[in-house]
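Novice: Encoded as structure tokens, here's the structure I'll be asking about.
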Amino acid sequence: MRFLTGLVASVVLPMSVAAEPVTQAVQSYCITPLEKEIALGFGLERAPKDMERKLLNGKVAKIYRTDDSRVLVVAHESGQTCEIMALGTDIVEFAVATSEWRVGGAEMTASASTNINPEGQSGGYFAAALESGGYIQSFVTVLPDNRFIGVTTSRVADSAQAREVLEAQ
Numbered sequence: 311m312r313f314l315t316g317l318v319a320s321v322v323l324p325m326s327v328a329a330e331p332v333t334q335a336v337q338s339y340c341i342t343p344l345e346k347e348i349a350l351g352f353g354l355e356r357a358p359k360d361m362e363r364k365l366l367n368g369k370v371a372k373i374y375r376t377d378d379s380r381v382l383v384v385a386h387e388s389g390q391t392c393e394i395m396a397l398g399t400d401i402v403e404f405a406v407a408t409s410e411w412r413v414g415g416a417e418m419t420a421s422a423s424t425n426i427n428p429e430g431q432s433g434g435y436f437a438a439a440l441e442s443g444g445y446i447q448s449f450v451t452v453l454p455d456n457r458f459i460g461v462t463t464s465r466v467a468d469s470a471q472a473r474e475v476l477e478a479q
């Protein structure tokens, strides 16, 4: 992660260049496959092995490239966790674009403490219940000084945090 953060610090892009690709990547490559129990990374180009070794630092996972070179997908071997790492992303537009995430046609619910802030390190938690039982949950980390967004999405059988967020809505 330090490598990515260092890499991001050197990237400067105009506003709004990558918000849409990140939002689509989270939905297309993490939320939808986890919801439908299909393979993560299907149809994506696998990153070179040396890149995986360098970035994963011992994790058992695979890295895929998306059509946008700034957006990477990390599919964990368990098949229940997926990460999106975005470099050079517009934080402000990303905060708005999270409302496009859907599980079973319904918008994911943000926790009351979710705060995606362009002025400092921030983040949030999103959850949705699955019709078949269990939850899809996403944890978001935002580092605006480095223009980095990380989203970890997982499918879980039970989650006290997801229940609490969904009951509070």
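Each residue of the sequence shown is one higher than the one before, counting from 311 in this note's numbering.
Built from N, CA and C at the ideal position, the CB exists for glycine as well.
#1: Which one of L453, A349, R473 has the shortest CA to CA distance from D400?
#2: What's the C-alpha gap between F458 and R380?
#3: Quick check on DSSP: helix, strand or coil for E474?
#4: Find out if the Cβ-Cβ distance for the pair T376, A416 is shorter than 8 Å.
#5: DSSP puts M517 in a beta bridge; with which residues?
#6: If you draw a straight line from the alpha carbon of Q447 to that of P331, how long is it in whole angstroms?
#7: Since G414 contacts E345 with CB under 8 Å, what's their CB separation in whole angstroms?
#8: With H, G and I counted as helix, E and B as strand and the rest as coil, what does DSSP make of T451?
#9: Helix, strand or coil for S432, going by three-state DSSP, please let me know.
#10: Using the Cα positions of F404 and P428, report the straight-line distance between them to the nearest angstrom.
#11: Please list, in chain order, all residues of the same chain as Y445 whose beta carbon is under 7 Å from its beta carbon, the five residues on each side excluded.
#12: Count the other CB atoms, across all protein chains shown, that sit within 10 Å of the CB of M418; report buried if there are 16 or more and exposed otherwise.
#13: Across which residues does DSSP place V466 in a beta bridge pair?
#14: Hey, could you find the ends of the beta strand (DSSP E) A357 is sitting in?
Specialist: With the given structure in hand:
#1: L453
#2: 10 Å
#3: helix
#4: no
#5: Nothing can be reported for residue 517: it is not among the residues displayed for the chain, which extend from 311 to 479.
#6: 20 Å
#7: 7 Å
#8: strand
#9: strand
#10: 10 Å
#11: A437, A438, A439, V466, S469, A472
#12: buried
#13: Y445
#14: It is not in any beta strand (DSSP E) - A357 carries neither H nor E in the DSSP assignment.
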